[in-house]
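Trainee: Numbering (the numbering used here), first residue to last: 1 to 286. Glycine included, each C-beta is placed from N, C-alpha and C at the ideal position.
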Amino acid sequence: MSAVFDNRVCELGEGPLWHPVREQLYWFDIKGKRLLTQRMGVTQEWQFDEHFSAAGWVDEDTLIVASETALWRMDLETGLREHVIALEADNPVTRSNDGRADPWGGFWIGTMGKSAEAKAGAIYRFYKGELRQVVGDITISNAICFDQTRACAYYTDTPTGQVRRQSVDPETGWPQSAAEVYLDLKAEGLNPDGAVVDAEGNVWIAQWGASRVAAYDPEGRFVKAVEVGALQASCPAFGGPELRDLYITTAAEDLAADVLAAAPENGMTFVQENAGQGVAEPRVIL
């Protein structure tokens, strides 16, 4: 069973990022409109005026962060943000959701309806100054992650119960050919959420409502699961000194008051030490 890493309750915890230079975890409370971090027990957070959900690291002091209207360059020392490019800024229905840097220095970001409106969202890739839609008609974008051999990307539209594998050009990272089903969890009634790929090519997928993160090998075979002390695990990230610890965000949203009273850990952020061997998140090149 994983342990509580940070006891601040997030209505919708998401987007954990282990900054490999600062050796520090950052994550979002989307519904709370804030970015949180903790290092050696010292906590910090930034409050926003719109929904933010995902980040990549640019350099030691800079993140690229995704909001419901744009991608931003954020200075971690001052908290100041600089607009990089608009993201569905003219669509008040949607917000950003899951996102992750790719091995080429790009950044993938998914959107979704604020009330999970059917097929209102999409998945985009930001690369060399261009933001291009790569998947359309998405209801809840999730599980964006990448094989370290530069062969493919993964993603899911959570309500489908299927994680898809998208082949990409090994030189540029742009999708090529049609995506295929990598993992179908419908029969098990499992809801795939955020995901990350480890050094062996296993895909670690948070399963919303199942109190766990499960790992599957490159062929889609179950490897093992990490139990989480909260119902709604939302996204994992490897971190720690040797990138062997698995950090897991969770969410308290839509849980009844009696459930939260009985299990106040819902919405906290967890860590499972020595879960597997992760790889450092790649730097986003702006």
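#1: Looking at Thr69: is its Cβ nearer than 8 Å to the Cβ of Leu80?
#2: Between Leu255, Ala256, Gln207, Val271, which lies nearest to Phe238 when the distance is taken from Cα to Cα?
#3: CB Trp204 to CB Leu231, shorter than 8 Å?
#4: Under 8 Å, do Gln277 and Ala199 count as touching if we go by C-beta distance?
#5: Can you find at least 3 beta carbon pairs, one from the region 94-112 and one from the region 122-135, that sit closer than 8 Å?
#6: Report the residue ranges of all alpha helix (DSSP H) runs contained in full by the region 76-122; include only those spanning at least 4 residues, in chain order.
#7: Where in the region 25-58 do unbroken runs of the beta strand (DSSP E), each at least 3 residues long, occur, reported from the N-terminal end onward?
#8: Rounded to whole angstroms, what is the Cα-Cα separation between Cys152 and Gln166?
#9: Compute the Euclidean distance between the alpha carbons of Pro241 and Glu23, then round it to the nearest angstrom.
#10: Look at the Cβ atom of Val21, then the Cβ atom of Gly267, and state whether they are nearer than 8 Å.
#11: Determine the contact status of Asp49 and Lys33, defining contact as a CB-CB distance below 8 Å.
#12: Going by the DSSP bridge assignment, what does Ser141 pair with across the sheet?
#13: Using DSSP's beta-bridge definition, name the partner residues of Arg164.
#14: Can you check whether the CB of Ala233 is closer than 8 Å to the CB of Asp193?
#15: Work out the CA separation of Thr78 and Val284 for me, nearest whole Å.
#16: Given that a residue counts as buried once 16 or more other Cβ atoms are within 10 Å of its Cβ, and exposed if not, what is Met74?
#17: Per DSSP, what kind of secondary structure is Asp258 in: helix, strand or coil?
#18: Buried or exposed for Ser115, going by 16 or more other Cβ atoms inside 10 Å?
#19: Looking only at its chain, what residues have a beta carbon closer than 6 Å to the beta carbon of Val280, apart from the 5 residues adjacent to it on each side?
#20: Can you tell me which residues form a DSSP beta bridge with Asp245?
#21: From Gly201, Ala256, Val84, pick the residue whose C-alpha is nearest to that of Arg221; which is it?
#22: Thinking just about the alpha-carbon of each residue, which of Met1, Leu25, Asp29 is nearest to the one in Thr250?
Mentor: Reading from the atomic positions:
#1: Looking up residue 69 in the sequence shown gives position 69. Looking up residue 80 in the sequence shown gives position 80. The answer is no: Cβ separation not under 8 Å.
#2: Start at 1 with the first residue of the sequence shown, and residue 238 comes out as number 238. Phe238 has its Cα closest to that of Val271, out of Leu255, Ala256, Gln207, Val271.
#3: By one-based count along the sequence shown, residue 204 stands at place 204. By one-based count along the sequence shown, residue 231 stands at place 231. It is not a contact, given that the beta carbons lie outside the stated cut-off.
#4: For this step, residue 277 is matched to residue 277 along the sequence shown. For this step, residue 199 is matched to residue 199 along the sequence shown. With respect to the 8 Å criterion, Gln277 and Ala199 are classified as neighbours on the basis of their beta carbons.
#5: The region 94-112, when compared against the region 122-135, does touch it at the 8 Å Cβ threshold.
#6: Positions of the alpha helix (DSSP H) runs, each at least 4 residues long and wholly inside the region 76-122, cannot be given because no such run exists.
#7: Entirely contained in the region 25-58, the beta strand (DSSP E) runs reaching 3 residues are, in chain order, 34-39, 42-47.
#8: Residue 152 sits at position 152 when you count from the first residue of the sequence shown. Residue 166 sits at position 166 when you count from the first residue of the sequence shown. Their Cα atoms are separated by approximately 5 Å.
#9: On the sequence shown, residue 241 is found 241 positions in, with the first residue counted as 1. On the sequence shown, residue 23 is found 23 positions in, with the first residue counted as 1. Taking the straight line from one Cα to the other gives about 7 Å.
#10: In the sequence shown, counting from the first residue as 1, residue 21 sits at position 21. In the sequence shown, counting from the first residue as 1, residue 267 sits at position 267. No, the pair does not count as a contact, with Cβ atoms beyond the cut-off.
#11: As a working note, residue 49 is residue 49 in the sequence shown. As a working note, residue 33 is residue 33 in the sequence shown. Cβ distance < 8 Å, so Asp49 and Lys33 count as in contact.
#12: Taking the sequence shown and counting its residues from 1, the one referred to as residue 141 is at position 141. In DSSP, Ser141 forms a bridge with Asp157.
#13: Your numbering for residue 164 matches position 164 in the sequence shown. Under the DSSP definition of a beta bridge, Arg164 partners with Tyr155, Val181.
#14: For this step, residue 193 is matched to residue 193 along the sequence shown. For this step, residue 233 is matched to residue 233 along the sequence shown. Going by C-beta atoms, Asp193 is nearer than 8 Å to Ala233.
#15: In the sequence shown, counting from the first residue as 1, residue 284 sits at position 284. In the sequence shown, counting from the first residue as 1, residue 78 sits at position 78. Cα to Cα, the separation comes out at about 20 Å.
#16: The residue given as residue 74 occupies position 74 in the sequence shown. With 16 or more Cβ atoms within 10 Å of its Cβ, Met74 is classed as buried.
#17: Taking the sequence shown and counting its residues from 1, the one referred to as residue 258 is at position 258. Taken through DSSP and simplified to helix, strand or coil, Asp258 comes out as helix.
#18: Counting from 1 along the sequence shown, the entry for residue 115 is found at position 115. By the 10 Å Cβ count, Ser115 comes out exposed.
#19: The residue you call residue 280 lines up with position 280 of the sequence shown. Per the sequence presented here, residue 280 reads as Ala, with Val not at that position. Beyond the five residues adjoining it in sequence on each side, Ala280 comes within less than 6 Å, by CB distance, of Pro20 in the same chain, given in chain order.
#20: If you number the sequence shown from 1, residue 245 lands on position 245. Looking at the DSSP assignment, Asp245 forms a beta bridge with Gly239.
#21: In the sequence shown, counting from the first residue as 1, residue 221 sits at position 221. Ranked by Cα distance from Arg221, the options Gly201, Ala256, Val84 are led by Gly201.
#22: Looking up residue 250 in the sequence shown gives position 250. Of the listed residues, the one whose Cα sits closest to Thr250 is Asp29.
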